[in-house]
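Visitor: First the structure, which I've put down as structure tokens, then a few questions once you've had a look.
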Amino acid sequence: MLYNSGLRPLSANTFFRFPVHKFLLLGVFSLPLVQAHGINNPAMFDSVLKYQTGTVQLSDQLQIRTGTELRFLNGQDANHVIYDVWGGSADPNIVGMLLPRDLSPVSEGGWGLSMERVESGYVDARLWKNLKAQDLLKQMQKQQGQAEVLNWAMPPRFDPQSGVLVFATEVKLPNAKDTAVLPRVVVLGRESLILMKGVIEKKHWSSMQPLLAQVGNAVQFQKGHRYTDVQAGDRVYDYGMTALITGEPVQDPQAPEPVKWLPMLALVAGLGMMVALMGRTVRSRALKVQAD
């Protein structure tokens, strides 16, 4: 992990939460709602959307590479899906949406991950290895919200080179018969991050899960703005990886303090090992190789 002692913290509170938005609550079981709106022809609905594939330049700092299995909608079309398909309200902060190339958002099992850019500053992930998935889960289960967190559908995974954080929780939503999965993909950059979120029925999760890694790799900050391009004096996010995952304004746990008697224990154990090895060496010298 890149270490930079010259990083300075942000003076403003840049903490943000991962709420379960209204459109996600409605979108998890969107097919009946879609049919009620008269949108029961996926091909016809998709024909009015301007899907983009290949390399899409969002800004001078950010681009999308969809690969062979994904496609991209800009902010306007993404809000069209959110409003007309999922019955939510348009969100001006959404800059786009990534969807599977072979599945319409109005089809059974259809899904999309909305994209929002957050001017967070640099997220210091040096304490990432101190995080324990079960501790994070317990923190999330204590929260009061619209969704009851049951378990990890995918425990948090983080790549410090690409700055991609991926995780998903299984939840029970209000008035829902079956459980749902809330996937989250966070792509960290030098000055900001991209937050992608969605929701899918648990029975369709297995088809979506393999694509999450591709979703994270599809969003790329340009040279000079990548996570590993951090420099001394850059703004720093007030909290850390724990806050990004749980949505709580808490710092990452520090490594446990070493117990004072451990060095002595190590010395004793080392002496014992030396004696054992010396004995083994002496015994091995007494061995004779027998001819076949």
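In my numbering, the protein residues as written are 4 to 295. Where a beta carbon is used, it is the ideal one built from N, C-alpha and C, also for glycine. Computed from a predicted model, the values in this text were never measured in an experiment.
(1) Near residue 225, what residues of its chain come up, given a Cβ to Cβ distance below 8 Å and the 5 sequence neighbours on each side ignored?
(2) In its own chain, which residues sit with a C-beta less than 8 Å from the C-beta of residue 118, not counting the 5 before and 5 after it?
(3) So, using beta-carbon positions, are residue 45 and residue 116 closer together than 8 Å?
(4) Nearest CA to the CA of residue 51: which residue from 92, 72, 91, 107?
(5) Let's test the definition: count the other Cβ atoms within 10 Å of the Cβ of residue 1 and tell me whether it reaches 16, buried, or not, exposed.
(6) Return the chain-ordered ranges of every beta strand (DSSP E) run that is complete within the region 120-173 and spans a minimum of 3 residues.
(7) Can you tell me the Cα-Cα spacing of residue 194 and residue 219, whole angstroms?
(8) Please state the DSSP three-state secondary structure of residue 109.
(9) Which stretch, first to last residue, makes up the alpha helix (DSSP H) that contains residue 243?
(10) Measure the CB-CB distance between residue 75 and residue 59 and report whether it falls below 8 Å.
(11) Taking three-plus beta-carbon pairs below 8 Å as touching, is the region 131-140 in contact with the region 200-212?
(12) Closest to residue 129 by CA distance: which of 56, 110, 163, 241 is it?
(13) Alpha carbons only, please: which of 148, 252, 123 is nearest the one belonging to residue 328?
(14) In angstroms, rounded to a whole number, what distance separates the CA positions of residue 132 and residue 239?
(15) If you compare alpha carbons, which of 191, 246, 112, 92 is closest to residue 230?
(16) According to DSSP, simplified to helix, strand and coil, what is residue 213?
(17) Which first and last residues belong to the alpha helix (DSSP H) in which residue 84 is found?
(18) Taking residue 46 as part of the beta strand (DSSP E), name the residues at either end of that continuous run.
(19) Using only CA atoms, which one of 61, 57, 189, 214 lies nearest to residue 126?
(20) Quick check on the burial criterion: 16 or more other C-beta atoms within 10 angstroms. Buried or exposed for residue 77?
(21) Any idea if residue 171 is buried or exposed, counting beta-carbon neighbours within 10 angstroms, 16 or more meaning buried?
(22) Counting along the chain, where does the beta strand (DSSP E) carrying residue 191 start and finish?
(23) The beta strand (DSSP E) spanning residue 66 covers which residue range?
(24) Using the beta-carbon count (16 or more within 10 Å), is residue 71 buried or exposed?
Guide: According to the structure shown:
(1) Within the same chain, 63, 64, 65, 66 come within 8 Å of residue 225 by CB-CB distance, once the 5 residues on both sides are set aside.
(2) Non-local C-beta neighbours of residue 118 in its own chain, meaning closer than 8 Å and more than five positions away in sequence, comprise 81, 97, 98, 99, 100, 101, 197, 198, 199, 222, ordered along the chain.
(3) Cβ atoms of residue 45 and residue 116: not closer than 8 Å.
(4) Here the closest residue by C-alpha is 107.
(5) A query on residue 1 cannot be resolved here, the shown segment of the chain reaching from 4 to 295 and no further.
(6) Inside the region 120-173, DSSP marks whole beta strand (DSSP E) runs of 3 or more residues at positions 151-162, from first to last along the chain.
(7) Between residue 194 and residue 219, the C-alpha separation is close to 17 Å.
(8) Residue 109: coil per DSSP, three-state reduction.
(9) Neither: residue 243 is in no alpha helix (DSSP H) and is coded neither H nor E.
(10) Yes, the Cβ-Cβ distance between residue 75 and residue 59 is below 8 Å.
(11) Short answer: they don't touch.
(12) Ranking the options by Cα distance to residue 129, first place goes to 163.
(13) The structure shown does not extend to residue 328, since the chain spans only 4 to 295, so no value can be given for it.
(14) So the alpha carbons of these two residues sit roughly 19 Å apart.
(15) It is 191 whose Cα lies nearest to the Cα of residue 230.
(16) Correct three-state label for residue 213: helix.
(17) It spans 78-87 - the alpha helix (DSSP H) in which residue 84 sits, taken as one unbroken run.
(18) Not the beta strand (DSSP E): residue 46 falls in the alpha helix (DSSP H), residues 45-50.
(19) Taking only the C-alpha atoms, the option nearest residue 126 is 189.
(20) In the assembly as shown, residue 77 is a buried residue. Its beta-carbon has 16 or more other beta-carbons within 10 Å.
(21) Residue 171 should be labelled buried.
(22) Counting along the chain, the unbroken beta strand (DSSP E) around residue 191 starts and ends at 183-191.
(23) Note, residue 66: beta strand (DSSP E), 65-68.
(24) Around the beta carbon of residue 71, fewer than 16 other beta carbons lie within 10 angstroms, which makes this residue exposed.
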